[in-house]
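Just so you know, the working numbering puts 283 at position 163 of the sequence shown, and the rest follows in order with no gaps. C-beta atoms are modelled at their ideal positions from N, C-alpha and C, and glycine is treated no differently. Bear in mind that the values here come from a model prediction, so they are computed numbers and not experimental data.
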Amino acid sequence: MTSRYTHIAITMIALGVLLALVGYFSGGKWSFEINDEGIQLPENNKLVNNSYQLNDFTNLNIINHYGDVEIVTSDRYALETNVINDDDVTYSIKDKTLTVETKSKKKNRFQFGFANFRTPSIKIYVPADVKLKTVVLDSNFGDTTIRGLKYQELNLIEDFGDILLKDTTGDKTEITQSFGDMKLQQFSSNGFVAESEHGDMDIDGTLNGQSTITSDFGDATLHLQNKKSEFGYELQTDFGDLTVDDEDQNSKVSKPYNGDNQLKATISHGDLQLRLK
Numbered sequence: 121m122t123s124r125y126t127h128i129a130i131t132m133i134a135l136g137v138l139l140a141l142v143g144y145f146s147g148g149k150w151s152f153e154i155n156d157e158g159i160q161l162p163e164n165n166k167l168v169n170n171s172y173q174l175n176d177f178t179n180l181n182i183i184n185h186y187g188d189v190e191i192v193t194s195d196r197y198a199l200e201t202n203v204i205n206d207d208d209v210t211y212s213i214k215d216k217t218l219t220v221e222t223k224s225k226k227k228n229r230f231q232f233g234f235a236n237f238r239t240p241s242i243k244i245y246v247p248a249d250v251k252l253k254t255v256v257l258d259s260n261f262g263d264t265t266i267r268g269l270k271y272q273e274l275n276l277i278e279d280f281g282d283i284l285l286k287d288t289t290g291d292k293t294e295i296t297q298s299f300g301d302m303k304l305q306q307f308s309s310n311g312f313v314a315e316s317e318h319g320d321m322d323i324d325g326t327l328n329g330q331s332t333i334t335s336d337f338g339d340a341t342l343h344l345q346n347k348k349s350e351f352g353y354e355l356q357t358d359f360g361d362l363t364v365d366d367e368d369q370n371s372k373v374s375k376p377y378n379g380d381n382q383l384k385a386t387i388s389h390g391d392l393q394l395r396l397k
C-alpha cells in the first residue's frame, strides 16, 4: 500500500514539474510554496521599500527571524525596510533603545518555481560620530553586515547566514555562528569571543585584550595588526594544518607573553593560520 501511494505521489510531482516547465517556457512566471497551511500561491513576489526617520538612540536590539540585516554609518538615524508586507517589520524606541523585529517566516515552508524570490532586508543608519553602548542582534535566517560602526559591546548570534564586519571598532565583541562564513575586515576589539560551528572565519584587524576563537568545521585565517612582541597565543588544530607567520607548526603551539593581549584559538576540523605584524 505504501509503495502504491509513493508511486502516485512521484507521478503527481513529475506532472506538476512538467506543467510548470510548459508554463514557464510559454512566458509564465509560475511559482508556489508549501507550508503548514498547505499549498499557497504567492500574491506578490515584489518587495516594498519603506524608510523611517528615527530619534536618537544609544542601544540597539534586533530580533531577526528571516531576512538580511545591515547596520551602516551615515549622517542620520534611520530605518529602511524591504519587505513583502508593511507589517513584516516592527520597531520602537524606549529608554534610548531601538528595538527592531522582523516577522517570523512560516515554519516548514518550501518554495518552488521560477519566479524571482527576493530576500527581505532591513537597514539601520547610525551617525558616524556616535558610539553605541550595546548592540544585540539575534538572527535566525539571513546575512548580517555591519560597516563603520563604533560600539562598547556587541553580541551577535547568527543561526544561518554569513557575517561581514568592516571598519568596526568595539570594546567588547561576542559572536556565535552556527552555519555560515564570518569575515571581519579592518576590525578592532578590546575583548573578542567568536564561536563558529560550520563555516570559514577570516579576521583582518587588531585583537587587544583577551580573545577566544573556537571552530568546529572550517578554516580560520587571522591576519592581525598586533605586534609580535606584544602578543601571546595558544593555538591548536585537531584535524588540519597550523601555520604562524607562514611557518608550519605542530598541531599545538604557544607563545607566552606577560601582558593583556592574549589569544586562544582552537579549531577542530580545519586549517588555522595566524600572521602578526
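For this session: Return helix, strand or coil for K348, following the three-state DSSP convention.
Result: Walking along the sequence shown from the start, residue 348 turns up at place 228. Correct three-state label for K348: helix.
Exercise. In this structure, what does DSSP give as the bridge partners for I244?
Worked result: The residue labelled residue 244 in the question sits at position 124 within the sequence shown. BP columns for I244 point to I191, L199.
Exercise. Does the beta-carbon of P247 have 16 or more other beta-carbons within 10 angstroms, so that it is buried, or is it exposed?
Worked result: What you label residue 247 is simply residue 127 of the sequence shown in a count that begins at 1. The residue is exposed, with fewer than 16 neighbouring Cβ atoms inside 10 Å.
For this session: Would you kindly work out how many angstroms separate the C-alpha atoms of S171 and G329, rounded to a whole number?
Result: Here residue 171 refers to the residue found at position 51 of the sequence shown. Here residue 329 refers to the residue found at position 209 of the sequence shown. Going by the C-alpha atoms only, they are around 39 angstroms apart.
Exercise. Among T222, I213, I191, which has the Cα closest to the Cα of V203?
Worked result: Counted from its first residue, the sequence shown places residue 203 at position 83. Ranking T222, I213, I191 by Cα distance to V203 puts T222 first.
For this session: Quick one: residues in its chain with C-beta nearer than 7 angstroms to the C-beta of G262, no 5 flanking neighbours on either side, listed in chain order?
Result: By 1-based counting over the sequence shown, the position of residue 262 is 142. Excluding sequence neighbours, G262 sits near N184, Y186, G187, D188, V189, T239, G281.
For this session: Please classify D291: does DSSP put it in a helix, a strand, or coil?
Result: For this step, residue 291 is matched to residue 171 along the sequence shown. In this structure, D291 counts as strand in the three-state DSSP scheme.
Problem set entry | Where D279 sits in the DSSP three-state scheme | Looking up residue 279 in the sequence shown gives position 159. D279 falls in the strand class under three-state DSSP.
Problem set entry | Option nearest K303 by Cα separation, candidates D287, K292, D291 | Taking the sequence shown and counting its residues from 1, one reaches residue 303 at position 183. Checking every option, the nearest Cα to that of K303 belongs to D287.
For this session: With distances taken Cα to Cα, identify the nearest neighbour of V382 among K372, G325, F312.
Result: Taking the first residue of the sequence shown as position 1, residue 382 is located at position 262. The residue asked about is misnamed: residue 382 is Gln in this sequence, not Val. Closest in alpha carbon position to Q382, among K372, G325, F312, is F312.
Exercise. Going by beta carbon distance, what residues of the same chain come within less than 6 angstroms of K270, once the five residues before and after it are set aside?
Worked result: Numbered from 1 along the sequence shown, position 150 holds the residue referred to as residue 270. Closer than 6 angstroms at Cβ, skipping near neighbours: K251, T289.
Problem set entry | Between the CA atoms of E354 and T254 - distance to the nearest angstrom | Residue 254 sits at position 134 when you count from the first residue of the sequence shown. Residue 354 sits at position 234 when you count from the first residue of the sequence shown. Distance between the alpha carbons of T254 and E354: 29 angstroms.
Exercise. Do three or more CB pairs link the region 363-377 to the region 314-323 at distances below 8 angstroms?
Worked result: no
Exercise. Whose C-beta lies closer than 6 angstroms to the C-beta of L276 among residues of the same chain, with five residues either side of it excluded?
Worked result: Numbered from 1 along the sequence shown, position 156 holds the residue referred to as residue 276. So the list reads L257, I295, once near-sequence residues are dropped.
Exercise. Per DSSP, what kind of secondary structure is D400 in: helix, strand or coil?
Worked result: As shown, the chain starts at 121 and ends at 397. That puts residue 400 outside it, with no answer to give.
Exercise. Do you know how far the Cα of I213 is from the Cα of K384?
Worked result: Numbered from 1 along the sequence shown, position 264 holds the residue referred to as residue 384. Numbered from 1 along the sequence shown, position 93 holds the residue referred to as residue 213. Distance between the alpha carbons of K384 and I213: 38 angstroms.
Exercise. Quick one: Cα of S374 to Cα of G352, how far?
Worked result: One-based indexing of the sequence shown puts residue 374 at position 254. One-based indexing of the sequence shown puts residue 352 at position 232. S374 and G352: Cα-Cα distance of roughly 8 angstroms.
For this session: Please say whether S335 and S388 have beta carbons closer to each other than 8 angstroms?
Result: Position 268 of the sequence shown, counted from the start, is the residue given in the question as residue 388. Position 215 of the sequence shown, counted from the start, is the residue given in the question as residue 335. Taking C-beta atoms as the reference points, S388 and S335 count as a pair closer than 8 angstroms.
Problem set entry | Classification of A314 by the beta-carbon crowding that lies within 10 angstroms, buried from 16 upward | On the sequence shown, residue 314 is found 194 positions in, with the first residue counted as 1. By the 10 Å Cβ count, A314 comes out buried.
Problem set entry | Rounded distance between the beta-carbons of H343 and R395, thought under 8 angstroms | The residue you call residue 395 lines up with position 275 of the sequence shown. The residue you call residue 343 lines up with position 223 of the sequence shown. Right, their Cβ atoms sit about 5 angstroms apart.
Problem set entry | F177 versus D215 - alpha carbon distance | One-based indexing of the sequence shown puts residue 177 at position 57. One-based indexing of the sequence shown puts residue 215 at position 95. Those two C-alpha atoms are separated by around 8 angstroms.
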